[in-house]
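**Student:** I'd like to ask you about the structure that follows.
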Amino acid sequence: MCQESVLNGTPSRERPCQLLDEVLTPIPPKPNCTKKEHQEYIRKGVCNVLLAYDIDAGKRYLMVTKTKNKADYAHFMKWLISTHYPNSDKIKLVQDNYNTHSYGSFYENLPVEEARQIKKKLEFHYTPKHGSCGAARAVKYGRNRVFGSLKTMLR
């Protein structure tokens, strides 16, 4: 029996994030008031968030990397498939049209036999070139949220 999975917005939402930290400690809130924050921040670098969302199961899978490249994409997909979808024969993958999101990423960064197995399992579907399926995720995962380090972001 063929088991099929549909992942919407998989790592296609490779979202670069700035790591920002506060210069001054926020002032604790008084009763019925919000906490006072200073607008100045220190830039602590960048990271990349790879996100997969399984619509049918209502689950999301996340990996944070220091870079955004084909190797990160290939290793994320390998982890996702081997850990969460080992019994699926075919996975329909909806993703943004980035140069890192190709079958070539697997062959460039994984052993040939592993790359071939992943390619056989995946069926790529791309979002329109000037459109993105990321808008809903940006709202859901807080586009304006500030993180001072990878450790803070992963909490």
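First residue of the sequence shown? That's 15 in the numbering used here, and the numbers climb one at a time after it. Even for Gly, the Cβ is constructed at its ideal location relative to N, Cα and C.
1) Unbroken alpha helix (DSSP H) runs of length 4 or more, entirely within the segment 36 to 102: which are they?
2) By the three-class DSSP mapping on this structure, what secondary structure does Y112 have?
3) Counting Cβ pairs, one atom from each stretch, are 3 or more of them under 8 Å apart for the segment 113 to 131 and the segment 74 to 88?
4) Measuring CB to CB, does Y55 end up less than 8 Å from D35?
5) Between V60 and the rest of its own chain, which residues show a CB-CB distance below 7 Å, the 5 nearest in sequence each way excluded?
6) Between E51 and the rest of its own chain, which residues show a CB-CB distance below 6 Å, the 5 nearest in sequence each way excluded?
7) Which partner residues of Q32 appear in the DSSP bridge assignment?
8) Counting Cβ pairs, one atom from each stretch, are 3 or more of them under 8 Å apart for the segment 41 to 50 and the segment 62 to 78?
9) Buried or exposed: which applies to D103, given that a residue is buried once 16 or more other Cβ atoms fall within 10 Å of its Cβ?
10) With 16 other CB atoms within 10 Å as the buried threshold, where does A88 fall?
11) What's the C-alpha gap between Q109 and E127?
**Tutor:** Considering the structure as presented:
1) 84 to 98
2) coil
3) At 8 Å Cβ cutoff, the stretches touch.
4) Cβ distance < 8 Å, so Y55 and D35 count as in contact.
5) P30, C31, Q32, L33
6) P40
7) V60
8) no
9) Exposed, by the Cβ-count rule.
10) buried
11) 24 Å
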